[in-house]
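As you go down the protein sequences, you meet chains A and Y in turn.
With my numbering as the guide, the letters of the first sequence map in order to residues 39 to 322.
With my numbering as the guide, the letters of the second sequence map in order to residues 3 to 302.
See structure below.
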Amino acid sequence: MGKADNKVDQLRRRFLRAAGQACGAALLGMGLLTYSRQTQPLPAMAIRPPGALAEADFLGACVRCGLCVRDCPYHTLKLAELGDTVITGTPYFTARDIPCEMCDDIPCVVACPTGALNKSLTNIDDARMGLAALVDQENCLNYLGLRCDVCYRVCPLINKAISLEPQHNPRTGKHTLFIPIVHSNACTGCGKCEHACVLPEAAIKVLPTQLAKGAPGRHYRLGWEEKQKAGGSLVEPDKEHEYNLPKGYRYDYEGQGLIKENDTQTPFSHNPLDTLNKQQEQAK
Amino acid sequence: MTALLRPGADAIELKGWWRAHQWLLLRRLVQLGILALFLSGPWFGVWIIKGNIASSLTLEVLPLSDPYLLTQSLFAGHWPETTIVIGALIIAAFYFLVGGRVYCGWICLVNPITDLAAWLRQRLNIKDGARLPRQSRYWLLAMTLITAGISGSLLWELVNPVTILYRSLIFGMGMAGIVVVTLFLFDLLLAPRGWCSHLCPMGAFYSLLARYTPLRISAVKRESCNDCMDCYAVCPEPQVIPPALKGAVQGIGPVITGINCTNCARCIDVCSKDVFRFTTRFYKPTKTSSNTFKQSEVLS
Numbered sequence: 039m040g041k042a043d044n045k046v047d048q049l050r051r052r053f054l055r056a057a058g059q060a061c062g063a064a065l066l067g068m069g070l071l072t073y074s075r076q077t078q079p080l081p082a083m084a085i086r087p088p089g090a091l092a093e094a095d096f097l098g099a100c101v102r103c104g105l106c107v108r109d110c111p112y113h114t115l116k117l118a119e120l121g122d123t124v125i126t127g128t129p130y131f132t133a134r135d136i137p138c139e140m141c142d143d144i145p146c147v148v149a150c151p152t153g154a155l156n157k158s159l160t161n162i163d164d165a166r167m168g169l170a171a172l173v174d175q176e177n178c179l180n181y182l183g184l185r186c187d188v189c190y191r192v193c194p195l196i197n198k199a200i201s202l203e204p205q206h207n208p209r210t211g212k213h214t215l216f217i218p219i220v221h222s223n224a225c226t227g228c229g230k231c232e233h234a235c236v237l238p239e240a241a242i243k244v245l246p247t248q249l250a251k252g253a254p255g256r257h258y259r260l261g262w263e264e265k266q267k268a269g270g271s272l273v274e275p276d277k278e279h280e281y282n283l284p285k286g287y288r289y290d291y292e293g294q295g296l297i298k299e300n301d302t303q304t305p306f307s308h309n310p311l312d313t314l315n316k317q318q319e320q321a322k
Numbered sequence: 003m004t005a006l007l008r009p010g011a012d013a014i015e016l017k018g019w020w021r022a023h024q025w026l027l028l029r030r031l032v033q034l035g036i037l038a039l040f041l042s043g044p045w046f047g048v049w050i051i052k053g054n055i056a057s058s059l060t061l062e063v064l065p066l067s068d069p070y071l072l073t074q075s076l077f078a079g080h081w082p083e084t085t086i087v088i089g090a091l092i093i094a095a096f097y098f099l100v101g102g103r104v105y106c107g108w109i110c111l112v113n114p115i116t117d118l119a120a121w122l123r124q125r126l127n128i129k130d131g132a133r134l135p136r137q138s139r140y141w142l143l144a145m146t147l148i149t150a151g152i153s154g155s156l157l158w159e160l161v162n163p164v165t166i167l168y169r170s171l172i173f174g175m176g177m178a179g180i181v182v183v184t185l186f187l188f189d190l191l192l193a194p195r196g197w198c199s200h201l202c203p204m205g206a207f208y209s210l211l212a213r214y215t216p217l218r219i220s221a222v223k224r225e226s227c228n229d230c231m232d233c234y235a236v237c238p239e240p241q242v243i244p245p246a247l248k249g250a251v252q253g254i255g256p257v258i259t260g261i262n263c264t265n266c267a268r269c270i271d272v273c274s275k276d277v278f279r280f281t282t283r284f285y286k287p288t289k290t291s292s293n294t295f296k297q298s299e300v301l302s
């Protein structure tokens with residue numbers, strides 16, 4: 039074997055050895071990627087700390103150091119342990135156990151060295167950890183017509199994030215239902231409502247926003263909003279609806295009901311006594 | 003044969019047990035001491051270091067962060083805050099000075115586990131096992147960074163036993179015991195010194211910081227070497243020894259310059275001839291040493 043051949047042979051062997059190692063590493067990497075696909079989605083009951091980047095970005099930014107956990111004064115935050123359903127080492131909390139107390143100085147965000155918890159969050163009311171949703175309308179006491187109101191009362195943004203909307207109670211026919219409505223433009227996802235819900239299993243739960251919230255069609259426009267924005271109707275007014283009412287009457291759909299026009303002549307007097315008096319006079 | 007089953011026996015006899023284990027004990031003390039600094043907060047409410055080795059805050063002022071984790075995060079496409087960059091630069095500078103893989107020998111808690119496995123292998127005279135290529139770790143290092151880029155997340159941290167073990171000891175074990183047992187059995191039965199010296203991408207990353215490290219071990223009295231092989235038997239990276247110990251003939255200096263030397267100093271402990279000691283990498287043997295004479299002896 040010539041010297042050149044020997045060198046080629048050596049090169050060939052070195053190449054094959056390196057290729058073998060590279061293939062091994064690549065195989066492991068592919069396994070890891072596949073494995074991560076299965077663990078990636080955050081369980082619905084695990085909520086990230088305030089200011090957390092969107093989940094995909096968060097997992098590229100968080101180094102799993104636990105400094106946010108350490109600076110949480112209420113021991114709300116936990117680091118996922120190996121074997122938990124949450125990706126190992128990342129911070130989360132379970133609202134039903136300990137909700138976020140929404141500290142004004144947001145110590146967890148201040149503690150984060152990487153920016154996985156975004157430093158631009160300075161007002162805790164702007165946090166969007168998740169979104170509360172009244173998921174069980176069958177068992178919610180307020181839906182049953184009782185005045186529980188606990189979720190509404192404990193909400194740190196009472197009347198903004200949760201309001202009570204009065205509705206007619208069709209069961210009794212005479213009472214009012216006070217329905218808790220969550221407003222996504224104010225709810226921070228702190229979880230105090232879920233924590234406080236008096237039922238053995240909370241009827242109101244904080245969920246990841248994309249699970250809790252629907253989305254309107256992109257082409258949808260709410261006519262009444264557009265009308266207000268434009269300061270007037272944007273479409274040609276419909277042809278006036280003709281009601282089959284007695285002459286001289288009209289019907290107001292916005293509360294007043296049946297209205298008698300002033301100048302209308304009717305055979306009946308406005309005062310019912312007049313009719314009686316008339317009858318008595320005729321009897322005489 | 004008994005010499006290799008119990009490396010360091012000569013040193014113990016000559017120098018006494020304590021002196022033949024002084025660096026090992028110091029190393030274990032440092033490993034446990036740093037863990038204790040992390041644990042004093044959660045256990046006793048005395049907060050000295052907060053966080054874990056991934057990123058920490060010492061005495062509420064000094065940020066220290068792992069440059070390997072920061073690198074993964076950069077590959078994942080995240081633009082980091084300055085805090086972690088400063089922390090990682092401090093740590094990188096430190097390991098540049100003392101040797102990157104000092105992290106492995108003196109800080110990492112996987113090290114006592116794999117050391118125990120290696121020690122037990124010798125005691126039980128287990129000879130079988132896969133000889134993995136030592137370069138594998140660099141391929142794995144590349145893999146961890148590439149997959150971080152593909153997935154946009156710190157993918158390796160799903161399984162990285164180094165960070166998982168350290169974090170679990172501080173924040174709650176979960177199923178991390180499995181990691182310990184797996185690594186121990188892997189090193190004991192499947193591949194000798196398999197994890198730390200062949201596969202661990204974290205160690206590979208740190209080795210890259212050691213290219214110009216000033217603090218190095220040298221075979222300053224290599225002429226007194228009696229070829230007992232004890233240093234090879236205890237060294238986790240024995241490939242770094244021969245150039246320094248036996249390189250006199252080829253004119254290679256006595257400084258161990260291999261980037262994978264962990265500066266664990268176990269070779270200093272077990273050498274009954276006191277061949278090794280800590281020096282700088284610029285160490286030059288003095289002319290008065292009997293190098294030339296010993297060289298001819300080696301040649302003969």
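Idealized CB from N, CA, C, for every residue including glycine.
Just so we're clear, the structure is a prediction, and the values are computed from it rather than from any experiment.
Within chain A, no residue has its beta carbon less than 7 Å from that of V48 (chain Y); the closest one is some 13 Å off. In terms of beta-carbon proximity, H80 (chain Y) lines the interface with chain A, with at least one pair separated by less than 7 Å. One Cα belongs to A149 (chain A), the other to C263 (chain Y), and the distance between them is close to 35 Å.
Q205 (chain A): member of the beta strand (DSSP E) spanning 200-206, first to last residue. A Cβ-Cβ contact shorter than 7 Å links L66 (chain Y) with S58 (chain Y).
DSSP places T60 (chain Y) in the uninterrupted beta strand (DSSP E) bounded by 57-60. As computed with DSSP, L66 (chain Y) is found in a beta bridge with Y:S58. Separation of G104 (chain A) and P88 (chain A) (C-alpha to C-alpha, rounded to the nearest whole angstrom) is 14 Å.
I115 (chain Y) counts as buried, since at least 16 other C-beta atoms from the protein chains shown sit within 10 angstroms of its C-beta. Interface annotation, P151 (chain A): in contact with chain Y, CB-CB separation under 7 Å. At a cut-off of 7 Å between beta-carbon atoms, G53 (chain Y) makes contact with chain A. Scanning chain Y for C-beta atoms nearer than 8 Å to the C-beta of E176 (chain A) yields nothing, as the closest lies near 36 Å away. With a threshold of 7 Å between beta carbons, G154 (chain Y) makes contact with chain A. Neighbours of D122 (chain A) in chain Y, taken as residues whose beta carbon is under 7 Å from its own, are G176 in chain order. Under the three-state reduction of DSSP, S42 (chain Y) is assigned to helix.
If you draw a straight line from the Cα of L260 (chain A) to the Cα of T132 (chain A), it comes to about 37 Å.
A check of alpha carbon separations from Y140 (chain Y) across Y:W25, Y:A250, Y:S199 identifies Y:S199 as the nearest. Within the DSSP bridge table, the entry for G295 (chain A) names A:D290 as partners.
In the same chain as L64 (chain Y), and ignoring 5 residues on each side of it, no C-beta atom comes closer than 6 Å to its own.
Per DSSP, reduced to three states, the secondary structure at F280 (chain Y) is strand. DSSP places A99 (chain A) in the uninterrupted alpha helix (DSSP H) bounded by 93-99.
Classified as buried, R29 (chain Y) has 16 or more neighbouring CB atoms from the shown chains inside 10 Å of its CB. Setting aside the 5 residues that flank it on each side, E264 (chain A) is surrounded in the same chain by L272, each with a C-beta closer than 7 Å to its C-beta; the list follows chain order.
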